[in-house]
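Numbering (my numbering), first residue to last: 2 to 200.
Quick notes on the structure that follows.
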């Protein structure tokens, strides 16, 4: 099975370094250009369908890609939504570190904030294990429902890193807005990783 995972284009909160998570923030003009750039990168890949997270920044990116490539846009998958950062959403990591000094946020490198953001100490933050489990489950569902058609999957930076890291067996570095990562895999491998993530 062949999928292309694409991170949504830039938003105003991406531009100002704010934790976005489950907050539904639209693309800015740069983000729409990012989506067009992703479509150009995908143009000769033989892609047939596009799906996305239901969050507007991912859904709009997917719509732009589908329109530019002339391919079918067939669904939103709630399990592809970004990791929730709970009460920290809308804050920069620096502001969150000041608000919850005991959580250890200030000790996290900027390129790892999505993966290392603490589950304890900040109300409502989703665990990485939860992100991994639902992300892998979404990939397996898309693979089953796509009928082996090469599919573009538009989602989010932290979710992409968690899923790609689980499939690759090593930590994938930060993913830029509009970045494309093509993967080939078997559904049984995804099932194995999903079960391992819930063990």
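Each residue gets a CB set at the ideal place from its N, CA and C atoms; glycine is no exception.
If you're wondering where the values come from, they're calculated on a predicted model, not measured in any experiment.
Selected residue, minimal CA-CA separation from residue i, among the options
{"i": "residue 137", "options": "103, 87, 148, 154", "result": "154"}
{"i": "residue 140", "options": "70, 51, 40", "result": "51"}
{"i": "residue 69", "options": "54, 49, 81", "result": "49"}
{"i": "residue 43", "options": "31, 61, 55, 72", "result": "72"}
{"i": "residue 84", "options": "109, 38, 134", "result": "134"}
{"i": "residue 164", "options": "183, 178, 146", "result": "183"}
{"i": "residue 129", "options": "180, 22, 14, 2", "result": "22"}
Residue i vs residue j beta-carbon contact at 7 angstroms
{"i": "residue 92", "j": "residue 4", "result": "no"}
{"i": "residue 132", "j": "residue 168", "result": "no"}
{"i": "residue 47", "j": "residue 119", "result": "no"}
{"i": "residue 97", "j": "residue 89", "result": "yes"}
{"i": "residue 28", "j": "residue 74", "result": "no"}
Per-residue burial, residue i [other beta carbons within 10 Å of its own, 16 or more giving buried]
{"i": "residue 100", "result": "exposed"}
{"i": "residue 17", "result": "exposed"}
{"i": "residue 148", "result": "exposed"}
{"i": "residue 8", "result": "buried"}
{"i": "residue 162", "result": "buried"}
Secondary structure of residue i, DSSP reduced to three states
{"i": "residue 146", "result": "helix"}
{"i": "residue 127", "result": "coil"}
{"i": "residue 173", "result": "coil"}
{"i": "residue 185", "result": "strand"}
**Message:** If we require 3 or more residues per run, which beta strand (DSSP E) segments fall completely within the stretch 40-119?
**Reply:** 50-53, 73-77
**Message:** Extract the residue ranges of the alpha helix (DSSP H) inside the stretch 5-45, only unbroken runs of 4 or more that lie entirely within it.
**Reply:** 13-17, 30-43
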